[in-house]
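Have a look at the structure below before the remarks.
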Amino acid sequence: MKEINLLPSNLLQIPSIVELQGWYAQSFKELCAYEGCEGTSSILQEFQKILGCHFKSVTQMWFKPWHKYFLDRFYMSRISLKMLMTQHMLLFERDGDEAQMGPNYTRVGCIETECKVRSVVMDAYNHASFLCEEYYHVAPDVNITLATNKEGNPPLEMVYPPQHLHHILFELFKNAMRAVVEKNKTGDIPDIEILIALGQHDITIKISDQGGGIPRSVTDHLFHYLFSTAPRPSMTPTKTPLAGYGYGLPLSRLYARYFHGDLILNSYDGYGTDAVVYLKTHTYEANELLPVFNKTSTKQYKASVPTADWTDPTSSINRHFHPHMFSTKSYTNKSTPPNPTDGDS
Numbered sequence: 001m002k003e004i005n006l007l008p009s010n011l012l013q014i015p016s017i018v019e020l021q022g023w024y025a026q027s028f029k030e031l032c033a034y035e036g037c038e039g040t041s042s043i044l045q046e047f048q049k050i051l052g053c054h055f056k057s058v059t060q061m062w063f064k065p066w067h068k069y070f071l072d073r074f075y076m077s078r079i080s081l082k083m084l085m086t087q088h089m090l091l092f093e094r095d096g097d098e099a100q101m102g103p104n105y106t107r108v109g110c111i112e113t114e115c116k117v118r119s120v121v122m123d124a125y126n127h128a129s130f131l132c133e134e135y136y137h138v139a140p141d142v143n144i145t146l147a148t149n150k151e152g153n154p155p156l157e158m159v160y161p162p163q164h165l166h167h168i169l170f171e172l173f174k175n176a177m178r179a180v181v182e183k184n185k186t187g188d189i190p191d192i193e194i195l196i197a198l199g200q201h202d203i204t205i206k207i208s209d210q211g212g213g214i215p216r217s218v219t220d221h222l223f224h225y226l227f228s229t230a231p232r233p234s235m236t237p238t239k240t241p242l243a244g245y246g247y248g249l250p251l252s253r254l255y256a257r258y259f260h261g262d263l264i265l266n267s268y269d270g271y272g273t274d275a276v277v278y279l280k281t282h283t284y285e286a287n288e289l290l291p292v293f294n295k296t297s298t299k300q301y302k303a304s305v306p307t308a309d310w311t312d313p314t315s316s317i318n319r320h321f322h323p324h325m326f327s328t329k330s331y332t333n334k335s336t337p338p339n340p341t342d343g344d345s
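Residues in the sequence shown are numbered consecutively from 1, following this note's numbering.
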């Protein structure tokens, strides 16, 4: 909440920002009333109402030209908040139901202790394929290759919230399918190649398409909010669009980085793109990455020298922001904040 107030004054007057601040203040007030209380069904219902209220801000904020630095920190905090509240509700809702779950139950709240990576990959592919066929009446097939240093090729499993991994892969599959189908409108559609590799420190998922690739001059903008290589969808589409809102990639990378993973893109103009997701193999390395609000983070909005303002100073996310882009000097009463999509298709 305090960091929101560091935004330029003209942005703070935008109705959706005012409404957002009201949601957070009201939710904090409501949660404080339950401090020290035991978990009951009425409290869980109140938590569910608060969680549902905050879901709305994601869809209401997408069209505002706010800056990447603030939005990265804001949305990472939201991911953490949703994770915390969902975990709390699931654990208390199932309290006393251990006998009904059975000995093979592997869920701890929303965390899967035996998350089967290949299964999540296929679920995300099938979900994206359904939308692609609905939109284009065709969808590319997929080939999966598993690479592991374990003997016998056992199922590749990890401790991870599957909904996070599904979110990341679903967005990547949508982008790959759109590129492949639109590039090959008159010929055979090449398959999407998937590589799942288990290493000593990382689990790597690579999604490779032959969708024509992206020019190098554009790749630096792919993780900017509101930027998209796809046309902007209608506000009232008759079919669910596969891309165009400009939030899929930056949010997917935040989900990957939340547990110290990452998401990178390697594009080959004229051929295709490799999207690579890195996840931690060991749970003791997969701790939360959260923004830290302090004097350093306050200065970041005006500082000329980048400094670390996340819980892990060594994380690559500390090297992916641009100073001065939130300086109030950039805005005047006679001008509007720059739109990051200006000049791009």
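Glycine included, each C-beta is placed from N, C-alpha and C at the ideal position.
All values derive from a computational prediction rather than experimental measurement.
Counted within 10 angstroms of its Cβ, other Cβ atoms place residue i as buried (16 or more) or exposed
i	result
P15	exposed
R253	buried
F28	exposed
A210	Note that residue 210 is Gln in the sequence shown, not Ala. Buried is the call here.
A147	exposed
V314	A small fix is needed here, since residue 314 is Thr in this sequence, not Val. Per the 10 Å Cβ criterion, exposed.
L12	exposed
V292	exposed
P215	exposed
D72	buried
F70	buried
E19	exposed
H167	buried
K2	exposed
N287	exposed
E112	buried
L84	exposed
Y284	exposed
A179	buried
P140	buried
G187	exposed
E171	buried
A275	buried
Through-space distance from residue j to residue i, alpha-carbon basis
i	j	result
L289	D312	6 Å
E35	I17	28 Å
T106	F223	34 Å
L195	I207	7 Å
R118	N10	47 Å
F259	N294	22 Å
R78	K68	15 Å
V108	L91	7 Å
I189	F173	15 Å
L265	F74	23 Å
A124	Q163	10 Å
K271	N184	The displayed chain sequence assigns Tyr, not Lys, to residue 271. Those two C-alpha atoms are separated by around 12 Å.
M129	C32	First, the amino acid is wrong: residue 129 is Ser here, not Met. So the alpha carbons of these two residues sit roughly 44 Å apart.
K64	C132	With a pLDDT of 42 at K64, under the threshold of 50, the predicted position of this residue should be treated as unreliable, though the coordinate-derived value follows. Approximately 27 Å, taken between the alpha carbons.
A176	Q87	32 Å
M76	P250	11 Å
G347	E182	Nothing about residue 347 can be read from this structure; the chain reaches only from 1 to 345.
L6	Y268	39 Å
W310	R257	12 Å
I205	E134	26 Å
Bridge partners - residue i, DSSP secondary structure assignment
i	result
L198	T148 and I203
L279	I203
P313	P313 is not bridged to any residue.
C132	Answer is none; C132 lacks a bridge partner.
M158	C115
Y268	G272
R107	E112
V142	I192
L208	A small correction: the amino acid at residue 208 is Ser; Leu does not occupy that position in the sequence shown. E193 and D274.
P291	W310
L263	V277
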